[in-house]
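Here the structure is laid out as C-alpha cells; the discussion comes afterwards.
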Amino acid sequence: MNNYVLSGIPHSTSFGYQLSFSSQFGVLNLNQNNNDNNIQLQIIQNEIQNLQSSPTMISPVLAIDDQKNVQQLQLKLQYLQQLQIQNGIGSISLNNSLLTNNLDTLYKDINANPNYGVAMNYADTNQEIYSSLKNTKKDMRDYSKLIDFLSRYLPLVMNQIIIEFKKEDKERTLESYVKEVTKGDFEKLCSSLSRTVLENDVWYLRNAIKGLGTDDDCTYKETYNKNLEEDVRGDTSGDYRNALVSILKANRNENDFQFNDKDASEDVFTLYRSGEGKVGTDEDVFIEILTNRPYSHLIQIFEMYQQKYSNSMESAIKSEFSGDIKKTLLAIVKTTKNLSQYIAEQIENSMKGLGTRNDKLIRLIVCYREPALMERIKKDYQKLYNKTLAERIDGKISDKDYKNLLLACIGELI
32 MNNYVLSGIP
42 HSTSFGYQLS
52 FSSQFGVLNL
62 NQNNNDNNIQ
72 LQIIQNEIQN
82 LQSSPTMISP
92 VLAIDDQKNV
102 QQLQLKLQYL
112 QQLQIQNGIG
122 SISLNNSLLT
132 NNLDTLYKDI
142 NANPNYGVAM
152 NYADTNQEIY
162 SSLKNTKKDM
172 RDYSKLIDFL
182 SRYLPLVMNQ
192 IIIEFKKEDK
202 ERTLESYVKE
212 VTKGDFEKLC
222 SSLSRTVLEN
232 DVWYLRNAIK
242 GLGTDDDCTY
252 KETYNKNLEE
262 DVRGDTSGDY
272 RNALVSILKA
282 NRNENDFQFN
292 DKDASEDVFT
302 LYRSGEGKVG
312 TDEDVFIEIL
322 TNRPYSHLIQ
332 IFEMYQQKYS
342 NSMESAIKSE
352 FSGDIKKTLL
362 AIVKTTKNLS
372 QYIAEQIENS
382 MKGLGTRNDK
392 LIRLIVCYRE
402 PALMERIKKD
412 YQKLYNKTLA
422 ERIDGKISDK
432 DYKNLLLACI
442 GELI
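The C-terminal residue of the sequence shown carries number 445 in the numbering used here, and the numbering is unbroken.
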C-alpha cells in the first residue's frame, strides 16, 4: 500500500464524503458509495480479461495511456482494493474534478488534513526549500535547485509541502520567499507553484474578475471571503452570466446511473426543439442541460444528436449563440468530449502570434501539470500541431529559467 499512495484530500461532494488520492496512476477519487467502487473494480477486471484475449485493445475507461498491459492493470486493481479496505470508500472519478456543494468545507478539509498514505518527512523538504533559496541568493543566475524543487512533486503532494512549510516558518509563506529572488514571468510561474490549490484558485479568480477586464477563458471555481456569485453577477451579464452562475452552483449530477437512453433521447429532442428546431433560441435550456447533466450523459447526448439531426452539438451552438456564451458552451462540450485536446488548444492559443499570453500559459501549465493528464495533453498537442509541446515552448520562450521551469512542469528534461 505504502508503495503507491502519495497523498489524499478529503472533501464533501454532492453525493457524500470523498477522498482524492494522487498516485503513480494519476488522481483517483473515491467516495462513500461502495457499489460505485465495486462497479469500477469490475470494469478494470473486465479490461484485464479483454487485454489478455486481445493485447492490442486500448482501454476506453482508464485515464493513463501507458496502462494498457495486464501487469499495470493488476497493480492498479490491487491498489484500489487496498484503498477501499483502508478507507472503506470507493469509486474512481475519471474527470479529475472536485465537486462540492460547500466550497468552504472542501478547502477547510484540504488545509486541515490533506495527507494520507506515505508519511513524508517535511523537515527535510523544509530544509531543501531553505537550501534552494539560499543557493539562489548566493548566485542570482543559478535557479537550478529552485526549479528542481518546485517541479518535482505531484500537485497534491506539493500542496501539503507548502502547508507544512508555513506551519514551521509561521512568519512567511513559501511564495513570499520565492518572490524575493525571482522576477518577470519566471516569478509568476514560481509564485503559482508556491501556492496551495486554494490559494492558486483564489489568485486566478481575483485576476479574472478584478484584473484588466475579465479573462473569459478562466474557469470560475472558488471564492475568497466574499460572495463569488455576486462578484460574477457584477462583472458579467445576460446568458453568459447565467451560465457562469449555474456552473458556480456546482449542481452537476455525477451519478450517471440515474440516467438512461430514454433520458438522453429526451434531452436531445429538447435541445433541438430549443435551438435548431425553432425560430430563436431558448438559451436557458442549453445552459440547464450542459451545466447540470453528468459528463457521461452529455457524451451520449452529443452522439445521439449527431445521429438524429446530422449535425454536431458544436455546430448547433455556433449557429444559435454568439459572444461569450457561445465560447462558454463550446468549452463545456469540448472539455466533456476531450479535455486534454481542449487544453492543448488553449496552450497553443496562449503562444500563437507575436508575443505570448504568459499569464494564461502559466495558469494552464500549473493547473493541468498532473503527469497522467499532461501526458495526454502533450500527445494531443503533437497530433494537432505536428510538433511537441516541448519544442513549441523551447522555440517561443526566450528567458532560460522561465523556459526550463515550464519544461520541467510538463515532464520534459531540461
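Idealized CB from N, CA, C, for every residue including glycine.
Measure how close the beta-carbons of residue i and residue j come, nearest whole angstrom, since I'm counting them as under 8 Å.
i, j, result
"I408", "Y399", "6 Å"
"S277", "I318", "6 Å"
"L437", "I374", "With a Cβ gap of about 15 Å, L437 and I374 do not count as contacting."
"E206", "S222", "5 Å"
"E345", "V316", "Not confirmed; about 17 Å, so no contact."
"R226", "I193", "7 Å"
Taking the beta carbon of residue i as the centre, do at least 16 other beta carbons fall within 10 Å, making it buried, or is it exposed?
i, result
"L130", "Reliability of the predicted coordinates at L130 is poor, the pLDDT of 28 falling under 50, and no value is obtained from them."
"Y450", "Only positions 32 to 445 of the chain appear in the structure, and residue 450 is not among them; the question remains open."
"D216", "buried"
"E211", "exposed"
"D292", "exposed"
"D262", "buried"
"L444", "exposed"
"E297", "exposed"
At the level of alpha carbons, what is the spacing between residue i and residue j?
i, j, result
"E230", "K197", "13 Å"
"L415", "I178", "29 Å"
"Y433", "E218", "8 Å"
"E334", "M405", "26 Å"
"F180", "E159", "8 Å"
"F300", "F290", "15 Å"
"K139", "V228", "Its pLDDT being 36, under 50, K139 is placed unreliably by the model, and the measurement read from it follows with that caveat. Answer to the nearest angstrom: the Cα atoms are 12 Å apart."
"A274", "L361", "12 Å"
"Y336", "K418", "34 Å"
"A281", "I320", "13 Å"
"Y271", "A347", "17 Å"
"E401", "P186", "7 Å"
"L302", "N435", "47 Å"
"S43", "A403", "Confidence in S43 is poor, its pLDDT being 35 and thus under 50, which makes the residue's placement too unreliable to answer from."
"T312", "S182", "47 Å"
"R203", "V209", "11 Å"
"S371", "Y174", "30 Å"
"I332", "Y235", "32 Å"
"L329", "A295", "8 Å"
"E422", "T156", "32 Å"
"S381", "L259", "26 Å"
"K391", "K368", "22 Å"
"N190", "S163", "18 Å"
"E314", "R283", "18 Å"
"G442", "K214", "23 Å"
"Y184", "T366", "26 Å"
"L224", "Q413", "25 Å"
"D232", "K431", "27 Å"
"L220", "A439", "12 Å"
"K410", "E285", "28 Å"
"K176", "K383", "31 Å"
"L420", "T359", "25 Å"
"Q377", "V188", "26 Å"
"K201", "E379", "40 Å"
Requested in this report: For the region 231 to 242 and the region 258 to 274, state whether three or more C-beta atom pairs, one from each stretch, are separated by less than 8 Å.
Outcome: yes
Query raised in the report: Using 8 Å as the Cβ pair cut-off and three pairs as the minimum, do the region 419 to 428 and the region 374 to 388 touch?
Result: yes
Query raised in the report: At a cut of 8 Å, does the region 351 to 358 reach the region 319 to 326 through at least three beta carbon pairs?
Result: no
Query raised in the report: Per the contact definition of three or more C-beta pairs closer than 8 Å, is the region 299 to 315 in contact with the region 335 to 347?
Result: yes
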